[in-house]
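Chains as they are written, first to last, in the numbering used here: chain A, 3 to 119; chain B, 16 to 131.
The structure appears below as structure tokens.
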Amino acid sequence: GAVVSQHPSWVICKSGTSVKIECRSLDFQATTMFWYRQFPKQSLMLMATSNEGSKATYEQGVEKDKFLINHASLTLSTLTVTSAHPEDSSFYICSARDLVAGEYEQYFGPGTRLTVT
Amino acid sequence: AQSVTQLGSHVSVSEGALVLLRCNYSSSVPPYLFWYVQYPNQGLQLLLKYTTGATLVKGINGFEAEFKKSETSFHLTKPSAHMSDAAEYFCAVSTPPPGGSYIPTFGRGTSLIVHP
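The following block contains the structure:
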């Protein structure tokens with residue numbers, strides 16, 4: 003099946019700094035990618051939907067100035083957490099959508115563990 | 016609007032016993048239904064999905080699920096649990112256009128614990 007990679011797999015940063023997470027579709031082109039946030043022992047919360055070449059659509063309650071999403075190419079989307087605070091510590095998962103045999107398939111990356119100290 | 020309810024945040028079974036993870040959904044149009052598995056510190060892996068057609072869906076690792084419209088349910092089963100099945104399981108629902116956008120909504124997850 004299709005593969006989605008994320009880099010880094012884990013990152014520790016200091017409060018007030020910014021950190022960038024990359025999401026790549028390795029063997030398909032994804033016009034749409036999604037970013038999720040997952041708190042321990044909880045479900046995935048959709049943060050935003052990004053379409054290649056256009057601005058991301060953020061879910062209600064997600065600060066777009068804090069979580070910058072760039073989908074510059076059909077295989078790469080980035081999430082930048084700006085001025086990170088300890089409450090931003092979480093597991094971030096990206097997902098990429100591919101059209102297979104007339105149906106959309108959604109593939110998930112392995113996630114990035116962010117710890118803000 | 017669409018939503019998913021997973022009954023039971025934890026399910027504990029013995030190795031070799033039947034696994035049953037419950038999922039009920041709410042959708043205003045015919046839904047697409049999914050089960051995903053997540054191992055610690057990893058992303059989600061698709062176990063199986065229902066879109067149309069046969070209501071009993073077989074997935075990977077011996078899992079299957081049955082779409083029951085009258086009960087708005089999509090419970091996940093496996094006849095005999097393996098230690099390696101211990102993980103977090105998520106049920107999800109999505110709806111295609113024009114009523115939806117294919118974007119799935121996830122349940123809160125069920126942690127499957129397998130005892131030797």
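C-beta: ideal position from N, C-alpha, C; glycine also.
In this text, all values refer to a predicted model and were calculated from it rather than measured experimentally.
Item: Listing by chain order, which chain A residues have their CB less than 8 Å from the CB of P119 of chain B?; Value: Q108
Item: If you pair each beta-carbon of the region 27-37 of chain B with each one of the region 86-94 of chain A, do three or more pairs fall below 8 Å?; Value: no
Item: Hey, does P112 of chain A have any beta-carbon neighbour from chain B nearer than 8 Å?; Value: yes
Item: Between F105 of chain B and chain A, is the shortest Cβ-Cβ distance under 8 Å, so that the two count as touching?; Value: yes
Item: Check the Cβ of T51 of chain A against every Cβ in chain B and list those closer than 8 Å, keeping chain order.; Value: I118
Item: Candidates A:S79, A:L46 and A:Q44: which alpha carbon is nearest R99 of chain A's?; Value: A:S79
Item: Distance check for G115 of chain B and K16 of chain A, CA to CA, integer angstroms please.; Value: 40 Å
Item: Hey, is G74 of chain B's beta-carbon within less than 8 Å of any beta-carbon in chain A?; Value: no
Item: Within 8 Å (strictly less), CB to CB, does I23 of chain A reach chain B?; Value: no
Item: Of all the residues that make up the region 81-95 of chain A, which are near chain B by a beta-carbon distance shorter than 7 Å?; Value: I95
Item: If we ignore side chains and look at the alpha-carbon of each, how far apart do I95 of chain A and V34 of chain B end up?; Value: 27 Å
Item: Which residues in chain A have a C-beta closer than 9 Å to the C-beta of S17 of chain B? List them in chain order.; Value: Sequence inspection shows Gln at residue 17 of chain B; the Ser mentioned does not correspond to that position. Those within 9 Å of Q17 of chain B in chain A number zero; the least Cβ separation is about 12 Å.
Item: Just the C-alpha distance for L59 of chain B and G18 of chain A, rounded to the nearest angstrom, thanks.; Value: 30 Å
Item: Among A:K68, A:P112, A:M47 and A:T51, which has the Cα closest to the Cα of G124 of chain B?; Value: A:M47
Item: Give the interface partners of I48 of chain A over in chain B, defined as CB-CB distance under 9 Å, in chain order.; Value: The sequence shown places Leu at residue 48 of chain A, not Ile. Within 9 Å Cβ-Cβ: I118, P119, T120 and F121.
Item: Is the Cβ-Cβ distance between K93 of chain B and F78 of chain B less than 8 Å?; Value: yes
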